[in-house]
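S.K.: After the structure tokens below, expect a handful of questions from me.
Numbering (our numbering), first residue to last: 46 to 135.
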């Protein structure tokens with residue numbers, strides 16, 4: 046009976062895990078979206094590194110980020126940092 050319950054729980058864990066991505070991994074897209082100011086630009090693709098550095102040095106964006114929803118922040122900065130915002134929105 047113990048083995049049957051263990052198998053069932055493992056099966057449930059695997060099924061539920063399929064619905065939720067592993068956010069603890071080195072997923073740069075997730076990290077960029079959730080906090081572009083804490084991400085190490087070296088893990089980003091070359092084509093967005095420069096814009097990410099510019100964003101990180103932008104004092105207005107630093108003030109806006111903690112005071113806005115993610116969606117609103119990235120929409121606001123889409124025209125200023127289009128490549129970074131498009132990657133974050135995907």
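A virtual CB, placed ideally from N, CA and C, is assigned to each residue, including glycine.
From what residue to what residue does the alpha helix (DSSP H) around residue 93 run?
M.R.: Residue numbering aside, residue 93 sits at position 48 when the chain shown is read from its first letter. Element bounds for residue 93: 91 to 102.
S.K.: For residue 83, count neighbouring C-beta atoms within 10 Å of its own C-beta (all shown protein chains included) and say buried if the count is 16 or more, exposed if not.
M.R.: To locate residue 83, count along the chain shown from 1; it is residue 38. Exposed is the call here.
S.K.: With the cut-off set at 8 Å, would you say residue 99 and residue 126 are in Cβ contact?
M.R.: Walking along the chain shown from the start, residue 99 turns up at place 54. Walking along the chain shown from the start, residue 126 turns up at place 81. Contact flag set, yes.
S.K.: What are the start and end residues of the alpha helix (DSSP H) that includes residue 127?
M.R.: Numbered from its first residue, the chain shown carries residue 127 at position 82. Taken as a continuous stretch (DSSP letters only), the alpha helix (DSSP H) holding residue 127 covers 127 to 134.
S.K.: Using the beta-carbon count (16 or more within 10 Å), is residue 132 buried or exposed?
M.R.: Locating residue 132 in the chain shown gives position 87, counting from the first residue. Its Cβ being crowded by 16 or more others within 10 Å, residue 132 is buried.
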